[in-house]
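See structure below.
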Amino acid sequence: GRKQQTILSFFKQP
Amino acid sequence: MLEARLEQAGVLKKVVEAIKDLVQDCNFDCNDSGIALQAMDNSHVALVSMSLSHEGFSPYRCDRNIALGINLNSLTKVLRAAQNEDILTLKAADSPDSLNLVFENTERDRSSEYDIKLMDIDQEHLGIPDTDYSATVVLPSAEFQRICRDLSQLSESVTIEASKSSVKFSCSGDIGNGSVNLRQHQDLEKPDQSTSIELVEPVSLTFSLKYLVNFCKASALSPTVKLSLSTDVPLLVEYKMEAGYVRFYLAPKIGD
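Sequence order for the protein chains is A and B.
Numbering-wise, the working numbering comes out as the position in the first sequence, counting from 1, plus 12.
With the working numbering, letter number 57 in the second sequence gets 43, and the count goes up by one each step, no holes.
The following block contains the structure:
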């Protein structure tokens, strides 16, 4: 199936 | 100190209602430009970003940056005591232990006052990159809510496909499959009922319906919702308010 990504792989952490 | 008077308590009630099932504790960051909030859900799949501009308040005063660490369940309990039409005044000191809320009815013959305890919340602020989305769809928020609710009965995920003239929501599950196709159309008499699509290139992405159903709790904020999509980036679901917005970002499901 498809794998759920997380926001952290797209938006930069400080 | 912070002093912010909102003509309609309903605005804050709806904002909190929209996000309280996604995040529990969060900082309301107050500065001279207004009140903002950014928080992720526990599993880091979704992010909410809220902004209420100082223009939405009258008067608005906040001389320095103040973070109000609030448990949204507690805030919900207090806001239940406010009518949508009540005038709401928020007050906090520079390094506050509590937030003061006063609700006044429009006749000004009743005022209620509450203080809610604040907490220290260590929250990381993520940098959200500017994105040129491949597709932007504006549709009635009630329609989007109905589609998400209906498809969530069949499946955990929905595939959203945007093309030049239509947007298709489809899903498949154990009992079968389903899809809803919305064609671009303009309703001149009721513009809020229109569906518009701005397309740079066709895009197809899959998302968890559980989160989308949750985002739709913001439908009371705006008659329309804007969906912005690009391949392999989070979906942006935006509800605009008179002086601000609630934006949800949802990470896609990738691969097969």
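Virtual Cβ for every residue (Gly too), placed ideally from N, Cα, C.
Task: As assigned by DSSP and simplified to three states, the class of Lys(-1)/B - done: Position 13 of the second sequence, counted from the start, is the residue given in the question as residue -1/B. Here DSSP, grouped into helix, strand and coil, assigns Lys(-1)/B to helix.
Open item on the list: Checking 8 Å against the spacing of the C-beta atoms, do Ile19/A and Pro220/B come in under that value?
Closed with: As a first step, residue 19/A must be located in the first sequence, where it is residue number 7. As a first step, residue 220/B must be located in the second sequence, where it is residue number 234. Going by C-beta atoms, Ile19/A is nearer than 8 Å to Pro220/B.
- [ ] Using a Cβ cut-off of 8 Å, pull out every chain A residue sitting near Met227/B, in sequence order please.
- [x] The residue you call residue 227/B lines up with position 241 of the second sequence. Result: empty, since nearest Cβ-Cβ is about 23 Å, beyond 8 Å.
TODO: Let me know if Ile21/B comes out buried or exposed under the rule of 16 or more other beta-carbons within 10 Å of its beta-carbon.
DONE: Residue numbering aside, residue 21/B sits at position 35 when the second sequence is read from its first letter. It counts as buried.
TODO: Please list the segments of the alpha helix (DSSP H) lying wholly inside the segment 32 to 82 of chain B, counting only runs of 4 or more residues, in order along the chain.
DONE: The qualifying runs are 58 to 65.
Task: Any chain A beta carbon closer than 8 Å to Thr217/B - done: The residue given as residue 217/B occupies position 231 in the second sequence. No, no contact with chain A.
Open item on the list: Taking its Cβ as the centre, do 16 or more other Cβ atoms sit within 10 Å of Lys176/B, making it buried, or is it exposed?
Closed with: Here the question's residue 176/B lines up with position 190 in the second sequence. Taking all protein chains in view, the Cβ of Lys176/B is surrounded by fewer than 16 other Cβ atoms within 10 Å, so the residue is classified as exposed.
Task: Sequence-distant residues of its chain with Cβ nearer than 7 Å to Lys239/B (five each side left out) - done: Locating residue 239/B in the second sequence gives position 253, where the first residue counts as 1. Scanning its chain for C-beta atoms nearer than 7 Å, with the 5 sequence neighbours on each side dropped, one finds around Lys239/B the residues Ser143, Thr192, Phe193 and Ser194, in chain order.
TODO: Could you tell me whether the Cβ of His111/B comes closer than 8 Å to any Cβ of chain A?
DONE: Here the question's residue 111/B lines up with position 125 in the second sequence. Contact with chain A is found for His111/B, since one of that chain's Cβ atoms lies less than 8 Å from the residue's Cβ.
Open item on the list: Less than 8 Å between the C-beta atoms of Phe201/B and Phe234/B, yes or no?
Closed with: Mapped onto the second sequence, residue 201/B falls at position 215. Mapped onto the second sequence, residue 234/B falls at position 248. In contact: Phe201/B and Phe234/B (Cβ atoms closer than 8 Å).
Open item on the list: Counting only beta-carbon separations shorter than 8 Å, does Tyr100/B have a partner in chain A?
Closed with: The residue labelled residue 100/B in the question sits at position 114 within the second sequence. No - not a single Cβ of chain A is within 8 Å of the one on Tyr100/B.
Open item on the list: If you measure between the beta carbons of Val189/B and Ala121/B, is that distance less than 8 Å?
Closed with: Residue numbering aside, residue 189/B sits at position 203 when the second sequence is read from its first letter. Residue numbering aside, residue 121/B sits at position 135 when the second sequence is read from its first letter. Going by C-beta atoms, Val189/B is nearer than 8 Å to Ala121/B.
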